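151 is the number that this note's numbering gives to position 129 of the sequence shown; each next residue is one higher, with no gaps.
Data block below; observations after.
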Amino acid sequence: MISLPKLFTAALAATSVVIAAATPQQIADGIKSITQKSQALQAPAQSITIVNAPLIVIGQGPFPQIIAGFTDIISTATTLSGQIGAAKRMARRQHVARGPDDDLVFNSFREFVRVNQQLLNILIGKSGVLTSVPLVGQPVATVLRSLEGIVDTIAISLISTFEARAKDLTSEANSLGSTLDLAIQKYEGLNI
């Protein structure tokens, strides 16, 4: 015999997955939101100099803003990642032909990769002038490693959810991963 409380609990559990699942449009919008946050960090990254970089010690200069921005991106991306995973769980397990939803999500991810590579390339370039500045490398490398983790999680979720564009998504994810690896390497190398 099934009790009413057990039935209610089961229905509630099933509903929570449905509520958490995002549509392709919501996923694309979520990626766009993260992309805009990354783009907003380009100006502070461009402003890094050998004069203002050491101000990180007192919570001033561009680095605290950059680190806080990446932390916000990581938080937002973590939420999005859960929604993408829920969307996959709700999707049918059959291969479907490529459609507008796949293209919508892929195009938003491709733009995310482009903007983040621009930001990371700015940081990579600025790392060259910071070789004699202690205490900058570790906090930046740490937040970049966290960013790398969530980017990998999102990429894997997108690849497994939007299988019709899996090859393209994989290529973009690998490209961003290479740039992230280089940026992490540059900032880990700043430790004195």
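Each residue gets a CB set at the ideal place from its N, CA and C atoms; glycine is no exception.
Just so it is clear, the structure is predicted and the values come from calculations on it, not from any experiment.
Here's a check: name, in chain order, each residue in its chain whose Cβ is nearer than 8 Å to the Cβ of residue i, leaving out the five neighbours to either side.
i: GLN48; result: GLN105
i: ASP203; result: GLU170
i: GLU210; result: GLY159, GLN160, ALA163
i: VAL79; result: LEU157
On a Cα-Cα basis, can you pick out the residue from the options that is closest to residue i?
i: GLU170; options: LEU126, THR93, ASP125; result: THR93
i: ASP123; options: GLY199, THR57, ARG187; result: ARG187
i: LEU102; options: PRO86, VAL127, ALA90; result: VAL127
i: GLN87; options: ILE176, ALA65, SER97, LEU142; result: ALA65
i: ASP174; options: SER193, PHE85, LYS208; result: SER193
i: LEU141; options: ILE53, ILE176, THR201; result: THR201
i: GLN68; options: ASP125, ILE146, ARG136; result: ILE146
i: ILE178; options: ASN196, SER168, ARG167; result: ASN196
i: THR98; options: PRO46, ASP51, ASP190; result: ASP51
i: ARG136; options: THR45, LYS189, ILE56; result: ILE56
i: ALA44; options: PHE134, LEU180, THR71; result: LEU180
i: ILE70; options: LEU191, LYS189, ASN143, GLU185; result: ASN143
In or out: residue i buried (at least 16 other Cβ within 10 Å) or exposed?
i: ARG120; result: exposed
i: ILE53; result: buried
i: LYS208; result: buried
i: THR153; result: exposed
i: THR183; result: buried
i: ILE176; result: buried
i: ILE206; result: buried
i: VAL73; result: exposed
Quick check on DSSP: helix, strand or coil for residue i?
i: LEU142; result: helix
i: GLY199; result: helix
i: SER55; result: helix
i: GLN82; result: coil
i: ASN129; result: helix
Skipping 5 residues on each side, what residues in its chain have a beta carbon closer than 6 Å to that of residue i?
i: VAL165; result: ILE89, PHE92
Using a Cβ-Cβ cutoff of less than 7 Å, which residues in the same chain neighbour residue i once the five nearest sequence positions on both sides are dropped?
i: ASN138; result: SER60, LEU198
i: ILE96; result: SER168, LEU169, ILE172
i: THR100; result: ILE172
i: GLN148; result: The question names Gln, yet the displayed sequence has Lys at residue 148. Result list for LYS148: ALA67, ILE70, in chain order.
i: GLY83; result: ASN74, ALA75, LEU77
Uninterrupted alpha helix (DSSP H) stretches inside the region 155–189 (no shorter than 4 residues)
159–183
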